[in-house]
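Take the sequence shown: its letters are residues -20 to -1, 1 to 209, numbered as in mature numbering (1 follows the signal peptide of the UniProt record, and there is no 0). Inspection log for the structure reproduced underneath, given as C-alpha cells.
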Amino acid sequence: MAFIKNAILALAATASLTTAAVIAPREGVASNETTVASESRVSEKTGVSIMSAPQWYSGPWYNYPTNWLGWEDLWQRNDDMIRLTGSTWDDVGRINVAIWEASNQYSVDPRVILVIIMQESHGYVGVRTTYSYQGIPTAGLMQCSGCAGFPGQTNLPQEWTTEMIMGGTAHFRGNLDNWGGNGWEAWCVYPALREYNSGQVNWNDLSDPLGATPEYVSDVSQRLGGWYD
C-alpha cells in the first residue's frame, strides 16, 4: 500500500498539471484566528471528525514537546487523512510539492508547514472560508489572511495549491521574524504559532488564546511528534 501511494504521489509531482477546474472567486482575508476546537467535534471546514490532542501543554515554549518526527514518517501519518477530507490523490501529491517549494523559499521546516495545514484544514483543498470572532474572513489550506481560497473545489492545478501554501507560509515567516526568525527550532516556531493563530502572544503561556484557540500550540506541537486525527 505504501509503495502504491508513493508511486501515485511521484506521478502527481511530475505530471503536467493541466486540470480544468471551475474558477471560484479568490477570497482575500486579513486575520489569523480560527474556530475554537472542542474536545471532540466534527469540523465545520471538512466534515472530518476532529479530536483534540491527547495531552494539554501550557506555559513558555520549553514546556511543549520538542521531539519531532522526521519528514517521511510525519507525511506517511497524514497523507491518508488528507485524502479522507475529499482531496484527491493528485491534490495530495501537489500539496507535498507545494510544501517543499514554500519551505525552500521561506526557510521554514516543511514539517511545520504540514502540521499547520493539518490543524487548519486537514489538507482539504476545497476548504470553506471561515471567519474570526471579529468577523474577518480566512481562506485556503492554511486559513490565513491574504490567501486565496477555492471552496468546494478539488483536483486543483499545482499553481492554485502552491498559491495557498505560499501565502500561508509567507504569513508564518512574518510571525517567525517577530520571534527570532528561525523556522526550524521550537523556541521560535512555538511563539510564532501562537501569533499565527491569535495575532498576539503571551510569552509566559502559549496556551493563552487571547481571543483565539487555546489548544492551538499544544495540538500543533503534538502533531509534530506524530499525533494525527
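In this text, a Cβ means the ideal position worked out from N, Cα and C, and glycines have one as well. None of these values were measured; they are calculated from a predicted model.
C-beta contact flag for residue i and residue j at 7 Å
i	j	result
residue 111	residue 65	no
residue 135	residue 68	yes
residue 266	residue 139	Examination of residue 266 is not possible in this model, given that the chain is present from -20 through 209 alone.
residue 78	residue 149	no
residue 123	residue 100	yes
residue 205	residue 45	yes
residue 96	residue 82	no
residue 175	residue 169	no
Reference residue i; option with closest CA among the options
i	options	result
residue 209	57, 79, 47, 166	57
residue 41	167, 189, 205, 204	167
residue 157	145, 147, 171	171
residue 70	137, 81, 117	137
residue 125	154, 102, 61, 204	154
residue 116	98, 63, 179, 185	179
residue 55	98, 147, 43	98
Sequence-distant residues of the same chain with beta carbon closer than 8 Å to residue i, five excluded per side
i	result
residue 195	17, 32, 33, 36, 187
residue 80	90
Own chain partners of residue i with C-beta closer than 6 Å, once the 5 adjacent residues on each side are dropped
i	result
residue 207	33
residue 38	185, 187
residue 159	168, 171, 172
Contact belief for residue i with residue j at Cβ below 8 Å, rounded distance in angstroms
i	j	result
residue 145	residue 121	6 Å
residue 102	residue 75	The Cβ separation is near 11 Å, so there is no contact.
7 Å CB neighbourhood of residue i in its chain, flanking five on each side removed
i	result
residue 189	178
residue 183	40, 171
residue 3	Residue placement at residue 3 is flagged as unreliable, the pLDDT there being 30, under the threshold of 50; a coordinate-derived value is accordingly withheld.
residue 47	205
residue 106	66, 130, 131, 132, 133, 134
>> For the pair the stretch 88 to 103 and the stretch 41 to 55, tell me if three or more CB-CB distances fall below 8 Å.
In response: yes
> Are at least three pairs of beta-carbons, each pair with one atom in the stretch 122 to 139 and one in the stretch 190 to 200, less than 8 Å apart?
Replying inline: no
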